[in-house]
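Encoded as structure tokens, the structure appears first; notes follow it.
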Amino acid sequence: MSNESISEEIARLDGAPVSLAPDDIHCWLFSLESDADHEHLDDAERDRARRFHFDRDRRRFIAGHDSIRRILSRYLDVAPGDFEFDVEAQGRPTLKGGGVNFNYSRSEEWGLLAVSDAAILGADIETVRMSDDLIDVARRQFSPAEQAALNPLSGDAWTAGFYNCWTRKEAVVKAMGVGLLAPLDCFDVTLTPGDRPEILRAEGDGAVARDWALRAFSPLDGYCAAIATDLAAPNLHVLRVKPQTGSRY
Ligand SMILES: CC(C)(COP(=O)(O)OP(=O)(O)OC[C@H]1O[C@@H](n2cnc3c(N)ncnc32)[C@H](O)[C@@H]1OP(=O)(O)O)[C@@H](O)C(=O)NCCC(=O)NCCS
């Protein structure tokens, strides 16, 4: 059930304006191993790029932000370098003056940009890789109900359950706009492989709503992704960006 109402197509970063239906969430998936340059980035983005210690991280940051700008420009019908971002108190970027909602996530050489008219939108992509540290992360970060669902699993099912939980929780806290500063045990998500992605419990001051929808998908072999939104019945459409000339693939 985890891939209900998810369609996909091959896409390009540049092209004609793109429109969104009210229930649409477009999930753009692109490689960060391109030779993009910083021509479209603003001063703040260039400054961040300069501060990376490793060239590979700088290159991926620039490729990610170049892709974000080129994709958003297709919704706004404004050139990639001609719009500005605001940054909320806890770090969430938004479009100055509005337009569309978006949320970006990256893991190793892949970036995921969710774009929608939904008021609430969070995205997360992770590389699925087992390591002993994950057991400790689950113990510290997952709620008692999530730990009870994870503990009976073993082997690959445990690893899949861990990443299901992690990506769903991170998508939720990114949708809230607070990121990992949020108390992660104030809500429960499903995690058992094959179970429908869902928020099972949400308590506290209402920052997470029980009726937000979760969607999960495996965008590539070895990667796991999740989207959280306040849309009741989101239509997820995955747009896989075709590698372009200059790509390292
Ligand atoms: C937000 C957070 C979960 C991102 O973690 P991450 O492992 O880098 O996750 P992702 O790759 O999924 O997301 C990165 C993107 O999320 C977006 N983002 C940043 N802060 C965000 C927030 N509070 N809410 C939603 N999205 C956010 C940005 O687009 C960022 O991309 P960029 O670093 O290239 O600008 C993590 O940084 C966090 O919890 N931070 C806590 C808030 C914080 O410390 N803020 C400090 C700045 S005031």
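Sequential numbering from 497 applies to the sequence shown in my numbering. Even glycine gets a Cβ: it sits at the ideal position worked out from N, Cα and C.
*May I have a chain-ordered list of the alpha helix (DSSP H) segments no shorter than 4 residues that lie completely inside the stretch 649-702?*
651-672
_So, at 6 Å on beta carbons, what are the nonlocal neighbours of His561 in its own chain, with the 5 sequence-adjacent residues on each side left out?_
Sequence index remark: in the sequence shown, residue 561 carries index 65 (1-based). Taken in chain order, the residues that qualify are Leu537, Glu541.
*asked:* Quick check: the stretch 646-654 against the stretch 694-704, are at least 3 beta-carbon pairs closer than 8 Å?
replied: no
*Does the Cβ of Gly618 lie closer than 7 Å to at least one heavy atom of ligand 1?*
As a working note, residue 618 is residue 122 in the sequence shown. Yes, Cβ of Gly618 sits closer than 7 Å to a heavy atom of ligand 1.
*Per DSSP, the bridge partner or partners of Pro589*: Translated into positions along the sequence shown, residue 589 becomes position 93. Its beta-bridge partners are Val583.
*Do Ala712 and Ala724 come within 8 Å of each other at the CB atom, strictly closer than that value?*
Here residue 724 refers to the residue found at position 228 when the sequence shown is read from its first residue. Here residue 712 refers to the residue found at position 216 when the sequence shown is read from its first residue. Result no, Cβ atoms of Ala724 and Ala712 do not sit closer than 8 Å.
_Short of 8 Å in beta carbon distance, which residues of its chain neighbour Ala679, apart from the five on each side in sequence? Order them along the chain._
Sequence index remark: in the sequence shown, residue 679 carries index 183 (1-based). The residue asked about is misnamed: residue 679 is Pro in this sequence, not Ala. Same-chain partners within the cutoff: Gly700.
_Measuring only the C-alpha atoms, how far is Ser527 from Ser714?_
Residue numbering aside, residue 527 sits at position 31 when the sequence shown is read from its first letter. Residue numbering aside, residue 714 sits at position 218 when the sequence shown is read from its first letter. In a straight line, the C-alpha of Ser527 is about 15 Å away from that of Ser714.
*Beta-carbon proximity list for Arg744, same chain, < 6 Å, skipping 5 on both sides*: If you number the sequence shown from 1, residue 744 lands on position 248. Residue placement at Arg744 is flagged as unreliable, the pLDDT there being 43, under the threshold of 50; the coordinate-derived value follows with that caveat. Here the set comprises Glu529.
_Given 7 Å as the limit, tell me if Leu677 has its C-beta closer than that to any heavy atom belonging to ligand 1._
Residue numbering aside, residue 677 sits at position 181 when the sequence shown is read from its first letter. Yes, the beta carbon of Leu677 sits closer than 7 Å to at least one heavy atom of ligand 1.
*Run the proximity test for Asn599: is its beta-carbon closer than 7 Å to any non-hydrogen atom belonging to ligand 1?*
If you number the sequence shown from 1, residue 599 lands on position 103. True, at least one ligand heavy atom lies under 7 Å from that Cβ.
_Buried versus exposed call for Glu584 [16 or more other C-beta atoms within 10 Å across all chains shown]_ = For the purposes of this step, residue 584 is identified with residue 88 of the sequence shown, where counting begins at 1. Classification of Glu584: exposed, given that the 10 Å Cβ count is below 16.
*Leaving out five residues on either side along the sequence, give the residues of the same chain with a beta carbon under 7 Å from the beta carbon of Gly742.*
Working through the sequence shown from its first residue, we reach residue 742 at position 246. Below a pLDDT of 50, predicted positions are generally treated as unreliable, and Gly742, at 49, falls in that range; the measurement from the model is reported next regardless. Cβ within range, chain order: Ser530, Asp531.
*Measure the C-alpha to C-alpha separation of Ala641 and Asp684 and round it to an integer number of angstroms.*
Here residue 641 corresponds to residue number 145 of the sequence shown, with the count starting at 1. Here residue 684 corresponds to residue number 188 of the sequence shown, with the count starting at 1. Those two C-alpha atoms are separated by around 7 Å.
*Round the Cβ separation of Ile621 and Trp708 to the nearest angstrom and send it over; I've been treating them as touching at under 8 Å.*
Position 125 of the sequence shown, counted from the first residue, corresponds to residue 621. Position 212 of the sequence shown, counted from the first residue, corresponds to residue 708. In fact, because the Cβ distance is near 19 Å, the residues do not count as touching under 8 Å.
*Euclidean distance between Cα positions of Ala512 and Glu505*: Counted from its first residue, the sequence shown places residue 512 at position 16. Counted from its first residue, the sequence shown places residue 505 at position 9. If you take the alpha carbons of Ala512 and Glu505, they lie about 15 Å apart.
*Close-in-space but distant-in-sequence residues of the same chain around Asn660 (CB under 6 Å, 5 per side omitted)*: The count along the sequence shown starts at 1 and reaches residue 660 at position 164. Within the same chain, Asn660 has close Cβ partners Leu687.
*For Thr623, which option in Ser501, Leu716, Gln586 has the closest C-alpha, if you only look at C-alpha atoms?*
The residue given as residue 623 occupies position 127 in the sequence shown. It is Leu716 whose Cα lies nearest to the Cα of Thr623.
*Regarding Phe557 and ligand 1, is the C-beta to nearest heavy atom distance less than 7 Å?*
For this step, residue 557 is matched to residue 61 along the sequence shown. Indeed, a heavy atom of ligand 1 lies less than 7 Å from the Cβ.
*Anyone know if the C-beta pair for Ala619 and Ser601 falls short of 8 Å?*
In the sequence shown, residue 619 corresponds to position 123, counting from 1. In the sequence shown, residue 601 corresponds to position 105, counting from 1. Closer than 8 Å, so yes.
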